[in-house]
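Going by the working numbering, the first sequence wraps up at 669, each residue one higher than the last.
In this text, a Cβ means the ideal position worked out from N, Cα and C, and glycines have one as well.
Below: one structure, written as structure tokens.
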Amino acid sequence: MQQLLREAVARAANEIGAGVTPEEVSLETPPREEFGDLSSPLCLTLARVLRRPPLEIARQVVERLEQVISRGELPWVGEATAAAPGYVNFRFDMGKVAGDLLAEVAERGEEYGRRRPGSGPKVVIEHTNINPNKAAHIGHLRNACLGDTLARLYRARGYRVEVQNYIDDTGVQVADIVVGLERLGRRPRPGEPFDYFCWDLYTEVQELYERDPEAREGRRRVLSLIEEGDNEVARTAREVAEAIVREHLHTMWPLGIYYDLLTWESDILRAGFFRHAFEKLREQGTLVKEETGPNAGCWVVKLSDLPEFADLENPDKVLVRSDGTATYTAKDIAYQLWKFGLLGRDFRYRPYTRQPDGSTLWTSTTRDGQEGDFGRAWRVINVIDVRQKYLQDVLRYSLRRLGYEEAARNSIHFAYEVVALSARAARELGLEVGDDAGAVAMSGRKGVGVKAKDLLAAAQRLALREVEARHADLEAHRREEIARAIACGAVRYYMVRFHPNTLVAFDFDEALSMQGNSGPYLQYAHARACSILARARERGLLAEPPAGRSPAASGAASGTPGAVAGPASGAPGAVAGPARALVLKMIEMPLVLDKACELNLPSLFADYVYGLAQAFTNFYETTPVLAAEPGERDFRLALVDAFRRVMAGALDVLGIPAPEVM
RNA sequence: GCGCCUGUAGCUCAGUGGAUGAGAGCGUCUGCCUUCUAAGCAGAGGGCCGCAGGUUCGAAUCCUGCCAGGCGCGCCA
8 MQQLLREAVA RAANEIGAGV TPEEVSLETP PREEFGDLSS PLCLTLARVL RRPPLEIARQ
68 VVERLEQVIS RGELPWVGEA TAAAPGYVNF RFDMGKVAGD LLAEVAERGE EYGRRRPGSG
128 PKVVIEHTNI NPNKAAHIGH LRNACLGDTL ARLYRARGYR VEVQNYIDDT GVQVADIVVG
188 LERLGRRPRP GEPFDYFCWD LYTEVQELYE RDPEAREGRR RVLSLIEEGD NEVARTAREV
248 AEAIVREHLH TMWPLGIYYD LLTWESDILR AGFFRHAFEK LREQGTLVKE ETGPNAGCWV
308 VKLSDLPEFA DLENPDKVLV RSDGTATYTA KDIAYQLWKF GLLGRDFRYR PYTRQPDGST
368 LWTSTTRDGQ EGDFGRAWRV INVIDVRQKY LQDVLRYSLR RLGYEEAARN SIHFAYEVVA
428 LSARAARELG LEVGDDAGAV AMSGRKGVGV KAKDLLAAAQ RLALREVEAR HADLEAHRRE
488 EIARAIACGA VRYYMVRFHP NTLVAFDFDE ALSMQGNSGP YLQYAHARAC SILARARERG
548 LLAEPPAGRS PAASGAASGT PGAVAGPASG APGAVAGPAR ALVLKMIEMP LVLDKACELN
608 LPSLFADYVY GLAQAFTNFY ETTPVLAAEP GERDFRLALV DAFRRVMAGA LDVLGIPAPE
668 VM
């Protein structure tokens with residue numbers, strides 16, 4: 008509908024010589040109700056191009072729009088007016104808008120605002136990628152939450168999405184754990200989770216290296232044995248990695264984060280991905296062997312001729328060391344080529360495990376598996392923190408040099424700032440922090456950080472306390488289920504609500520907050536709507552929902568028939584005040600979904616959902632539903648039910664469960 | 001040194017393509033539960049939007065310079 012409006016405005020503007028496309032017509036919600044229901048500042052920007060006062064342009068555009076409106080071609084629009092300093096403001100026929108909205112929500116249910124699934128091209132999203140040598144901390148959690156929300160955004164927009172989790176099982180970090188097991192002779196205490204055990208062990212190994220440099224040689228030996236494969240050390244390393252990966256999966260699953268494929272670095276090595284990529288790069292001339300200079304004996308990508316790299320101290324990137332081994336970046340280039348289906352090689356695959364949502368998680372293998380339809384993406388999004396920007400630039404540049412211009416354009420580094428500890432949080436962990444200190448960086452080596460599982464557990468404890476205070480009547484397992492949902496909402500929302508460029512100074516109180524701008528606030532709005540509807544059903548004002556339908560916890564239920572009225576039950580009175588604001592907020596959702604996906608900006612959508620919750624809460628506080636006059640009551644019930652569904656769908660995009668009671 | 005990011009209320013942050021209120025949450029203060037869940041709502045207080053220039057009818061937003069902070073610039077991953 009907004010698209011119709013854009014087209015009409017563009018046409019009108021073009022008739023007076025503007026030359027704009029409908030997409031260039033920006034639409035916004037006016038700050039005050041007097042200004043109308045929707046507004047376009049287009050004529051303000053046109054003023055410069057047309058060299059005429061904006062208000063005059065706006066008047067002419069409005070003149071033309073009035074004809075379109077009188078022909079009934081813009082069904083929502085009651086009138087268009089020009090306003091100083093040059094806005095075109097639209098006043099809607101809110102009864103019509105509300106009626107259309109209710110009809111659409113009745114049809115699409117929680118899918119409102121989404122495109123039909125699986126209709127678009129394929130997007131590969133790589134996220135989580137935690138070194139398999141210790142417990143996940145809250146920095147990893149930000150990565151996973153951002154990545155998973157991006158995946159959900161893209162799915163909502165109709166793309167086919169494949170989520171990959173890359174496991175670096177052959178790197179130094181795993182080797183350090185093997186060294187620790189060998190030299191320090193530690194074993195997990197009874198009941199101690201293996202990832203927690205390794206968290207401490209990893210730190211101890213770093214301390215060992217400090218006091219005993221000879222121990223470092225042990226690492227070198229372990230690394231080469233891992234690379235060789237087929238020996239006891241390599242098997243131990245793999246066991247460590249597997250055990251940690253299991254823990255990481257069990258960390259993420261309660262948050263509704265699932266994967267399609269695990270890709271193991273050892274498989275990338277064994278499948279000869281880099282050897283293959285190496286030939287391509289060499290033939291193409293991207294890769295050069297240096298005979299002199301600091302990189303003598305290495306194969307490098309020359310970057311010094313590029314403006315964005317030229318000023319670096321040493322701009323060329325080594326891919327093959329003088330001892331003939333490949334660097335991390337080299338493997339990454341091969342992996343990236345594979346993701347686009349450009350490598351000409353493939354893994355084999357086998358099912359790894361079944362995830363709680365019922366989906367199968369697959370893993371790469373090299374020998375025993377079957378062929379699979381992984382990779383071959385149109386677009387690849389790598390969720391990696393900003394510190395790896397340079398490497399991701401090298402990656403993109405290498406694709407370009409290989410002639411894969413389109414793949415390079417669709418190689419997206421979703422760069423986000425890291426999570427650090429606020430001074431307060433650091434002190435709570437027992438660290439010495441000066442008074443003027445800002446945030447304190449987490450450090451795996453020093454064992455400084457907040458573990459992801461600990462955070463979720465703390466959130467669950469707090470939530471459970473609240474639920475018990477409110478719903479003593481509920482069975483214990485129900486209360487725990489609700490508490491888990493709330494904990495998930497609190498943590499996930501905290502992880503995506505900040506702009507990716509913002510360094511999150513982690514604070515326990517904020518992350519665990521269940522009031523104000525928080526996940527539980529969003530969930531609460533939904534629960535309150537459910538509560539009204541439940542009472543309405545008790546009083547026979549509504550049909551019972553179809554039996555056997557799973558609660559709107561997650562997943563998008565298809566449009567089940569319920570209270571949402573068809574177009575026939577349009578608003579009886581004027582849709583004004585909080586109801587109007589709620590309707591306007593709801594019809595905004597498809598636009599925000601588009602925008603957030605286009606800009607790869609989960610925080611934009613999170614912020615919208617907060618506004619949606621506020622709009623409903625405002626309505627709830629000011630507008631009686633069950634106690635209203637019957638005609639008005641039916642409309643309000645329909646509106647509440649529509650909100651309930653739209654909100655459940657919106658929460659689902661954020662991966663946040665929508666409990667009906669809380 | 002070079003590059004990227006950041007500087008908005010006491011604190012944590014949002015403000016995408018310039019324009020019609022500089023906003024939210026937390027914290028502080030004052031009110032509101034015999035009416036659909038107070039995890040809520042209403043109100044008060046609190047801001048030369050880092051500084052200085054520039055462009056414009058108009059700048060938190062664009063340009064330049066400066067100041068402050070974070071990160072990056074490995075034959076680590």
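Quick check on this structure: which residue in the options has the alpha carbon closest to the alpha carbon of residue i?
i    : options                : result
E111 : V660, A645, P666, V668 : A645
I64  : S46, G79, P92, D44     : P92
L661 : D155, V32, V27, I132   : D155
R472 : L519, L12, K296, N96   : L519
L548 : E639, K129, A446, A17  : E639
L310 : L51, Y397, I132        : Y397
L34  : R59, G24, M8           : M8
D380 : A19, I391, W345        : W345
R491 : L469, I132, Y266       : L469
L438 : A422, V455, Y500, V426 : V455
On the CB-based measure, 16 or more other CB atoms within 10 Å of its CB, does residue i come out buried or exposed?
i    : result
R227 : exposed
P568 : Note on P568: pLDDT 39, under 50, position unreliable in the model; the coordinate value appears next. The residue in question, P568, is exposed, as its Cβ has fewer than 16 Cβ neighbours within 10 Å.
V56  : exposed
Y173 : buried
A15  : buried
A527 : According to the sequence displayed, residue 527 carries Pro and not Ala. When all chains shown are included, P527 counts as buried.
Q291 : exposed
N140 : buried
H255 : buried
S366 : exposed
R386 : buried
Q74  : exposed
E40  : exposed
N417 : buried
E272 : buried
K453 : exposed
R542 : exposed
If you draw a straight line from the alpha carbon of residue i to that of residue j, how long is it in whole angstroms?
i    : j    : result
T370 : N136 : 14 Å
L658 : P197 : 39 Å
F42  : Y342 : 53 Å
L230 : C537 : 57 Å
A90  : F347 : 50 Å
G236 : E424 : 36 Å
L326 : N389 : 20 Å
V307 : K296 : 6 Å
I419 : Q171 : 15 Å
L350 : L402 : 14 Å
V179 : Q213 : 12 Å
P38  : G618 : 14 Å
T334 : L589 : 54 Å
E239 : V181 : 14 Å
G496 : L153 : 14 Å
E487 : A665 : 14 Å
Using DSSP bridges, identify the partner residues of residue i.
i    : result
L268 : Q171, W369
V308 : L294, K324
Y423 : D392
Y94  : A90
K129 : R167
P358 : W369
A333 : V327
K338 : DSSP, once it has assigned bridges, lists no residue as partnering K338.
S77  : DSSP lists no partner for S77.
Q377 : Y356
A512 : A427
Would residue i pass as a contact of residue j if the rule is Cβ separation under 8 Å?
i    : j    : result
F505 : L428 : no
A448 : V440 : no
A534 : E667 : yes
T373 : R357 : no
P585 : N524 : no
L294 : F285 : yes
L540 : R652 : no
Y531 : M669 : yes
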